[in-house]
Amino acid sequence: MRKDSTRPHILLATRNQHKVAEIEKIVGDVVVVHKLDDLININIPECGRTLLENSLAKAAFVFQLRGQATLADDSGLFVDALDGEPGVFSARYGRDDENRIERLLKNLADKKNRKASFRAVFVYYFAHGRYEAFEGKCAGEISLVPKGRQGFGYDPIFVPDGYKKTFAELGPATKNRISHRARALEKFRKYLEQQR
Ligand code: ITT
141 MRKDSTRPHI LLATRNQHKV AEIEKIVGDV VVVHKLDDLI NINIPECGRT
191 LLENSLAKAA FVFQLRGQAT LADDSGLFVD ALDGEPGVFS ARYGRDDENR
241 IERLLKNLAD KKNRKASFRA VFVYYFAHGR YEAFEGKCAG EISLVPKGRQ
291 GFGYDPIFVP DGYKKTFAEL GPATKNRISH RARALEKFRK YLEQQR
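Residue numbering for the sequence shown follows the working numbering, beginning at 141 and increasing consecutively.
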């Protein structure tokens, strides 16, 4: 691990503490991660049509408030048989995780094709008008019923390709190696190495 003085300090433009924990686990050896403080209690705007638009809006918003290098994550679950739903609306598909999962399973009940992918777009906003974007995808299938207690969001119903268990059963060690977030942050890590 590099010393703090040589690792860039990065503010995370997210309110989702599960994302914070995953990001810290995946790239905590190359960046010093700072969480959003309570001073930024305004809702970060998310009205874009794509993950990139939303991720950029979140990163730019926090950068403009703080003037610090900022990393935002916009992500979602894209289900093939539902024309990519819930996709960019994943966080707003229901009132809570349980309700969102219930709705998705109901909408998928009569479909044979249960293929889906988790996608994440990170935007690293490091100077006025200057940013880089990194995308990651993890393909898999939607299980028939929720299983497992680890992770967050749709993890109890997502079985990544090559596995027989959901992300919520597999746990963080496996998820943080193969997830959409892990794949996008691998590109971010390479980008940071090139900047050194
Ligand atoms: P911030 O905007 O504050 O970052 P958020 O939870 O609202 O937090 P998004 O707008 O990016 O984040 O919504 C992404 C939603 O997609 C998230 O709330 C979950 O429901 C789902 N999701 C994304 N990544 C996931 C993962 O790794 N496991 C399970 N569900 C995930």
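A virtual CB, placed ideally from N, CA and C, is assigned to each residue, including glycine.
Exercise. Could you give the distance in angstroms between the alpha-carbon of serine 283 and the alpha-carbon of phenylalanine 218?
Worked result: 14 Å
Exercise. Is alanine 199 closer than 7 Å to threonine 210 when the C-beta atoms are compared?
Worked result: yes
Problem set entry | Buried versus exposed, by CB contacts within 10 Å (16 or more), phenylalanine 262 | buried
For this session: Let me know the secondary structure DSSP gives phenylalanine 218 once reduced to three states.
Result: strand
For this session: Quick one: residues in its chain with C-beta nearer than 7 Å to the C-beta of lysine 175, no 5 flanking neighbours on either side, listed in chain order?
Result: Leu152 and Val160
Exercise. Which two residues bound the contiguous alpha helix (DSSP H) that contains tyrosine 331?
Worked result: 320-335
For this session: Note down, one range per segment and in chain order, each alpha helix (DSSP H) of at least 4 residues found wholly within the segment 224-271.
Result: 237-248
Exercise. In angstroms, rounded to a whole number, what distance separates the CA positions of valine 173 and isoleucine 163?
Worked result: 8 Å
Problem set entry | Per DSSP, cross-strand counterpart(s) of leucine 196 | In the DSSP output, where bridge partners are listed per residue, leucine 196 has none listed.
For this session: Within 10 angstroms of the Cβ of lysine 315, are there 16 or more other Cβ atoms? Answer buried if so, exposed if not.
Result: buried
For this session: Could you check the C-alpha separation between glycine 227 and leucine 205 for me, to the nearest Å?
Result: 28 Å
Exercise. Less than 6 Å between the CB of aspartate 295 and some heavy atom of the ligand MN, yes or no?
Worked result: Of the ligands this structure carries, namely the ligand ITT, none is the ligand MN.
Exercise. Hey, is threonine 154 close to the ligand ITT, as in C-beta under 6 Å from one of its heavy atoms?
Worked result: yes
Exercise. Are the Cβ atoms of lysine 287 and glutamate 309 separated by less than 7 Å?
Worked result: yes
For this session: Give the single residue among Tyr265, Ala221, Leu332 and Lys327 whose Cα lies nearest to the Cα of alanine 212.
Result: Tyr265
Problem set entry | Residue(s) in a DSSP beta bridge with aspartate 301 | Note: aspartate 301 sits in no beta bridge, so no partner.
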